[in-house]
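Numbering of the sequence shown is given in our numbering, commencing with residue 523 and proceeding in unit increments.
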Amino acid sequence: MSLIILLGGGVFFMYALIRKPEIIAVVLFTLIIARVNFDLKGLPLNLRAIMSLALFVRIVADKSSKKDYPAFGNVPNIKILFFFLIYVIFVSFSQDLFTIDLLKESINTVLTTFCVYYFYFKSQSAVQLKSALIAAGLICFADLAYTYIVFGTFPVHRIYFLFTGLDNNLSDEEMDLLTNWNFFGQICGMCFVYCLSDYIRDRNANKLTLWVMPFMFMGVMMSTSRSSILGLLIVSILIILNGINYQEQKRKIAKIGSFSLGAVVIGFLLYATFGKYVNLDSKFVDEIIARMAQEPIAVLNRAMGQSYDIHNLGSMDWREESSENAYKAYMNMNFREQLFGIGSGGFEARNYGHGYNAHNAILLLLIENGILGFSVYVLLVGGTIVQCIINKNFSPSLAAVVFILIYGLGQNREWTSITTLLFVTCMAAELRLLRFNKFKAVRPETHLAKPLFTKPGHNS
Numbered sequence: 523m524s525l526i527i528l529l530g531g532g533v534f535f536m537y538a539l540i541r542k543p544e545i546i547a548v549v550l551f552t553l554i555i556a557r558v559n560f561d562l563k564g565l566p567l568n569l570r571a572i573m574s575l576a577l578f579v580r581i582v583a584d585k586s587s588k589k590d591y592p593a594f595g596n597v598p599n600i601k602i603l604f605f606f607l608i609y610v611i612f613v614s615f616s617q618d619l620f621t622i623d624l625l626k627e628s629i630n631t632v633l634t635t636f637c638v639y640y641f642y643f644k645s646q647s648a649v650q651l652k653s654a655l656i657a658a659g660l661i662c663f664a665d666l667a668y669t670y671i672v673f674g675t676f677p678v679h680r681i682y683f684l685f686t687g688l689d690n691n692l693s694d695e696e697m698d699l700l701t702n703w704n705f706f707g708q709i710c711g712m713c714f715v716y717c718l719s720d721y722i723r724d725r726n727a728n729k730l731t732l733w734v735m736p737f738m739f740m741g742v743m744m745s746t747s748r749s750s751i752l753g754l755l756i757v758s759i760l761i762i763l764n765g766i767n768y769q770e771q772k773r774k775i776a777k778i779g780s781f782s783l784g785a786v787v788i789g790f791l792l793y794a795t796f797g798k799y800v801n802l803d804s805k806f807v808d809e810i811i812a813r814m815a816q817e818p819i820a821v822l823n824r825a826m827g828q829s830y831d832i833h834n835l836g837s838m839d840w841r842e843e844s845s846e847n848a849y850k851a852y853m854n855m856n857f858r859e860q861l862f863g864i865g866s867g868g869f870e871a872r873n874y875g876h877g878y879n880a881h882n883a884i885l886l887l888l889i890e891n892g893i894l895g896f897s898v899y900v901l902l903v904g905g906t907i908v909q910c911i912i913n914k915n916f917s918p919s920l921a922a923v924v925f926i927l928i929y930g931l932g933q934n935r936e937w938t939s940i941t942t943l944l945f946v947t948c949m950a951a952e953l954r955l956l957r958f959n960k961f962k963a964v965r966p967e968t969h970l971a972k973p974l975f976t977k978p979g980h981n982s
């Protein structure tokens, strides 16, 4: 039976790859964002690697595509991305931390960001990336609901493990990466702010997008991720404040405001009463309440010098300790290491966290990539955001990236994850098209058609 399913899947994959590569793109982006991946028996590469390589070859082999958009390698933001990836590899190699997996990850990043760039210009929109984010958000929501209903406790149990048996073959570190509840809050939160921005900005926005938002809000609440809640609130406020400057968007804000208020109330009621209808033990409920309310209050009281219950600090206490360890580790590094970094995975390799992760994106980026690598990253992401603001390109992709930056402040490698780079690349494509449209308005004879890759000395 499994052989029949595998053969059927292979036939569909080949058909879609040749006739409808957009479908393969959506599936690939969904797997990346939702962190779904597994090995295929008898094949040297895992599922996502095979799909990335096949889709890349399909795009490059299509001669007609070479007339549709400017060269990927000539975009300044993409050049910075290439430099950052190469820099990380060289620094890791100099610190004896280079691995084949790191090289594969970097190559896969190039292939998938290229696909995002290509399909943006082909569709003149980010419809594939948007569809993938919504699909990934629904997958994460389903995993959370499955965990609540069946197990009633964290960590999150992933549905796709039931079909792949992957949970029996993963190390503890890999399992923690795939089942940590904060990640599910991140994806649901990203999807919420993306849909909010898309609905307000797009005149032809599908109203079905509105119905995704309550599920995503519920997913954030179910994940109990404070970082996701904070990011969702801040970015949503920024989107609304920007929207009230435009008359047409004001009406949508008023409409979505009433809808969101009802969705939030329903979400809280469902969240509060969930335990009465599913296998949710009282201990889990108490942990959730403490995580969502008692921990932040205890931390605030401690910061203000007021009395607090040390038992209510929970993870907030060791997160502060882990950040202190990361800060001390960076300050104790020699100048060369502070300048160039100690390579990808160096924080764990040297046990700087004494059993904890850094839980501080800025310090982790500085420790592993140094001041130079940190500056390149800021130039890549920060520079792209500044360009979007200057050009008033307040797109849903920008909202998603800003959410990740806020969320990742208290996390680990989310800032440099492939998901983040996919949306940064989408922003770069938006800016490229915006620049071309402005140039075309001045010189109408200009054509968008450019080769995929240009020879040295040729500008796209």
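Backbone N, C-alpha and C fix where the C-beta goes; we use that ideal spot for every residue, glycine too.
Just so you know, these numbers come straight off a predicted model, no measurement behind them.
Assignment of alpha helix (DSSP H) within the stretch 859-891, counting only whole runs of 4 or more residues, yields 868-871 in chain order.
Taking 9 Å as the cut-off, the Cβ atoms of I889 and I864 count as close. Scanning its chain for C-beta atoms nearer than 7 Å, with the 5 sequence neighbours on each side dropped, one finds around A556 the residues A658, I661, C662 and I709, in chain order.
Secondary structure at D618: coil, using DSSP grouped into helix, strand and coil. In this structure, I622 is the residue among F534, I622, F594 and I545 with its C-alpha nearest to the C-alpha of L567. According to the DSSP assignment, M744 belongs to the alpha helix (DSSP H) that extends over L730 to S745.
The beta carbon of Y852 lies closer than 8 Å to those of Q860, L885, L888 and I889 in the same chain, with the five residues before and after it left out. In the structure shown, D724 falls within a coil segment according to DSSP collapsed to helix, strand and coil. In the assembly as shown, R680 is a buried residue. Its beta-carbon has 16 or more other beta-carbons within 10 Å. In the same chain as Y929, and ignoring 5 residues on each side of it, the C-beta atoms closer than 7 Å to its own belong to Q708, G711, S749, S750, G753 and E936, in chain order.
Counting C-beta pairs closer than 8 Å gives fewer than three between the stretch 894-912 and the stretch 864-873, which falls short of the contact rule.
In the three-state reduction of the DSSP assignment, D584 falls in the coil class, being assigned neither a helical nor a strand state. By the Cβ test, the stretch 536-552 is in contact with the stretch 570-581, since at least three Cβ pairs between them sit closer than 8 Å.
Judged by DSSP in its simplified three-state form, N599 adopts helix. D618 is classed as exposed because its beta carbon has fewer than 16 other beta carbons within 10 Å across all chains shown. Between the alpha carbons of N704 and E627 lies a distance of about 22 Å. Secondary structure note for R935: it is in no alpha helix (DSSP H), with a DSSP letter that is neither H nor E. The residue among F535, M573, A921 and I546 with its C-alpha nearest the C-alpha of G765 is A921.
A check of alpha carbon separations from A654 across P598, I759 and C717 identifies C717 as the nearest. M536 is classed as exposed because its beta carbon has fewer than 16 other beta carbons within 10 Å across all chains shown. Remark: fewer than three beta-carbon pairs, one from each stretch, lie closer than 8 Å, so the stretch 630-638 and the stretch 666-681 are not flagged as touching.
G932 and N915 have their C-alpha atoms spaced approximately 27 Å apart. As DSSP reads the structure, D561 sits in a beta bridge with N568. Between N856 and G875, the CB-CB gap reaches or exceeds 9 Å.
In the structure shown, the three-state DSSP call for Y682 is coil.
When secondary structure is reduced to three states using DSSP, A950 falls in the helix class. Nearest in C-alpha terms to N599, of all of K960, A950 and L956, is A950. For V548, the uninterrupted alpha helix (DSSP H) run begins and ends at P543 to I555, by DSSP. Nearest neighbour of G895 by Cα position, chosen from N559, G564 and L607, turns out to be L607. A straight-line Cα-Cα distance of about 37 Å links F604 and G530. In the three-state reduction of the DSSP assignment, A593 falls in the coil class. One alpha carbon belongs to L760, the other to Y721, and they sit about 15 Å apart. Taken atom to atom, the span from the alpha-carbon of I545 to that of G532 is near 14 Å. S897 sits exposed, since fewer than 16 C-beta atoms from the chains shown fall within 10 Å of its C-beta. Comparing alpha carbon positions, the residue from H881, Y878 and C713 closest to V923 is C713. Ranking F551, I926, N702 and L684 by CA distance to the CA of V649 puts F551 first.
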